[in-house]
Amino acid sequence: MWLSALRARLGSAQRPLLALVGVLTCGVFGLAWRVDRFGQRERATPADALVVLGARVLPGGVPSGALQARVEKAVELYQQGVAPRLVFSGGVGVNPPSEAQVMRALAVRLGVPSEACVLEEQSHSTEQNARYSARLLRELGARRVVVVSDPYHLLRARQYFRLQGLEVATSPALLTERNLDTVDRFYWTVREAIALLLHPRVLLASPPSEEAGTANRGA
């Protein structure tokens, strides 16, 4: 009889746990679907600057596939006249030089004037990309930006830039291997969903109000 009671007690304890696991799983995959759908859509509109987020640099200063795809996308937007300057954001990772330097060199080879390029070389995370780039953008008098990155990365990136008081549009580098490979796309998208769920303040960031924008421009 005591064994039956123990089983019943364990069963009653497992039910809330299983329910919690179910809710978390639905939340992760539901948000992952949103992350993927958001990232696949082109949202670039005329802006003050294009902000290109860094990715891994390979030995010898060679850009990784993700880094190259992001720069190529940004150069395409620049040549279309979307914005007059590019801000390359990314510090030194495992292999020097900084991601920003590698991106600028590639952009110049693709025809962008070096004077149109601005470097942010201190950041090592998406939050730092936004915070340090925002300082440079304010110095340039730029308020509206188009953020360029891998599709899976764009929702979180937009939210961090919104927290800095910027008006943000996004543009996906669709030709990166992390988007073209189905397994990679699934992995990185779910990873982003978990990151967003762990930082609800970021997920809930709203666009800057018109009043705030006017105040910032007058500051």
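Residue numbering for the sequence shown follows full-length UniProt numbering, starting at 1 and increasing by one per position.
Every residue gets a Cβ at the ideal spot worked out from N, C-alpha and C, and that includes glycine.
Looking at the DSSP output, S123 sits in no beta bridge, so it has no partner there.
In its chain, beyond the 5 residues on either side, G54, F88, S89, G90, L119, E120, E121 have a beta carbon closer than 7 angstroms to the beta carbon of A100. Nearest neighbour of F161 by Cα position, chosen from D181, R104, L137, N179, turns out to be L137. Where T170 is concerned, the enclosing beta strand (DSSP E) starts and stops at 167–172. Our two residues, R37 and A205, have alpha carbons roughly 19 angstroms apart in a direct line. Contact between the segment 142–159 and the segment 169–184 is present: three or more C-beta pairs spanning the two stretches fall below 8 angstroms. When the beta-carbon positions are compared, L140 and A107 stay at least 9 angstroms from each other. Pairwise C-beta distances place the segment 69–83 out of contact with the segment 186–200, as fewer than three of them are shorter than 8 angstroms. Beta-bridge annotation (DSSP): P63 is paired with V57. In the DSSP assignment, S89 forms a beta bridge with L53, E120. Using a 10 angstroms sphere on the CB of R104, the tally of other CB atoms reaches 16 or more, which defines it as buried. At the C-beta level, V94 and R70 stay beyond 9 angstroms of one another.
Contact annotation: V51 and R156 have beta-carbon atoms that are not nearer than 9 angstroms.
V62 counts as exposed, since fewer than 16 other C-beta atoms from the protein chains shown sit within 10 angstroms of its C-beta. Beta bridge pairing from DSSP links S149 with P172.
L31 counts as buried, since at least 16 other C-beta atoms from the protein chains shown sit within 10 angstroms of its C-beta.
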